[in-house]
Each structure stands twice: as structure tokens, then as C-alpha cells.
Amino acid sequence: ELLGRYEQALEWYERAGDYLSAWVGRAEVLRKTGRFDEARQVATAGLERFSDHPTASAALLLQDGHARLSAGEYADAAQVLAQALDQVPRAGTLRTTIEAHLADALAMLGRTEEALTYGESAMASASSVRDQSPRLAVTVARALGGVLQDADRWEDAAATLKQGLDLARR
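Residue numbering for the sequence shown follows the numbering used here, beginning at 212 and increasing consecutively.
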């Protein structure tokens, strides 16, 4: 998947069986290849399978919300991502990822102040794990940078986006 060999990755995720990471991986690959409806179907089926586990459900709701966000369904994405946020612990990379995508969805809906709240929270969390999760920190910097642009905070946006770019280069 990281190499962009999505069809091959999808085959391996399907072979992996009934594990949460396989369900999440399938949904993620389908989203990345523009198959948003299929990604949401996989996430929904996974939700039924892992309904008794809140963190697993949150991971699958994240995939559903991210697919909706990628498809331009911002209101639905915000609703699903808020639901995911309610199911995760108060700290951790899953929560940080959900907050970043929720910030994106809210910004697209013009709810800039709410988006800033989630984006800044995600940035604080991502900064504390930057060395262990550089991809997450880059994703969060991109999301917060965009929200800061929407809020006409251009200098803050430039600094945040530069921070993400510097980290991505490393």
C-alpha cells in the first residue's frame, strides 16, 4: 500500500482474513483508489463484525468518514467522524487521526472555529508523537494548515504547513 501497489495490497488484505487491520486496510485502499462506496461498504460490514469493540468500531468509522470526506460528502463525514471520536480513548494516534479529518470536514462546511478546535487538539497530540508517527504529524499539519488558511490566519498556516513539509522531507 505504501508503495502505491493498491490492487496487490487489496489482495493481501483480503487474504489476511477476519482481522481488524485487514478490514481497515481494505477500506483504506478502496478509498485511495476512488472506490468510495465500496470503501464505505467494507467499513460498514466491519462495523457489524466488530460492534462489541469501541476502538475497532472507531477505526472503521474513521474509514467510513474518510471515504465520505474524499467523496465530498462533508456533512455526512463530519457526523460519522464525530461518532468515531465518541468511541475512542481520550489520547492516542487513532483519536488524533479522527480529529484531523473531522477538522477537514468541519472546515469544508464553513465551521471554522470548531475545525480549529479539533485541528489544534490533533496538532498538540501529533507533536508529542512526531518521532514515532511522522506520517501522522505530516497529515495533521496539512489539515491544520488548511483550517488556519480558512480562518485567515496566514502566518500561522504558513508556519504549520512548513513544519509539516520539513517533517515530510526528513
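We put the beta carbon where it would ideally sit given N, CA and C, even for glycine.
A quick note: this is a predicted structure, and the numbers were derived from the prediction, not measured.
Put residue i into one of helix, strand or coil per three-state DSSP.
i	result
residue 261	coil
residue 206	What the structure shows of the chain is the stretch from 212 to 381, and residue 206 is not part of that stretch, so it cannot be assessed.
residue 212	coil
residue 364	coil
residue 246	coil
residue 228	coil
residue 279	helix
residue 381	coil
Thinking C-beta only, is residue j closer than 7 Å to residue i?
i	j	result
residue 288	residue 273	no
residue 275	residue 251	yes
residue 234	residue 257	yes
residue 285	residue 333	no
residue 278	residue 311	no
residue 362	residue 307	no
residue 348	residue 378	yes
residue 352	residue 330	no
How many whole angstroms separate the CB atoms of residue i and residue j, which I take to be in contact at a CB cut-off of 8 Å?
i	j	result
residue 293	residue 313	6 Å
residue 247	residue 270	About 18 Å separates the two Cβ atoms, so there is no contact after all.
residue 298	residue 268	5 Å
Spell out a yes or no on whether the region 220 to 228 and the region 238 to 251 are touching, meaning 3 or more CB-CB pairs, one atom from each, closer than 8 Å.
-> Touching, yes, given that three or more Cβ pairs across the two stretches are closer than 8 Å.
Please go through the region 296 to 357 and give each complete beta strand (DSSP E) segment of 3 or more residues, from N-terminal end onward.
-> Qualifying beta strand (DSSP E) stretches: none in this window.
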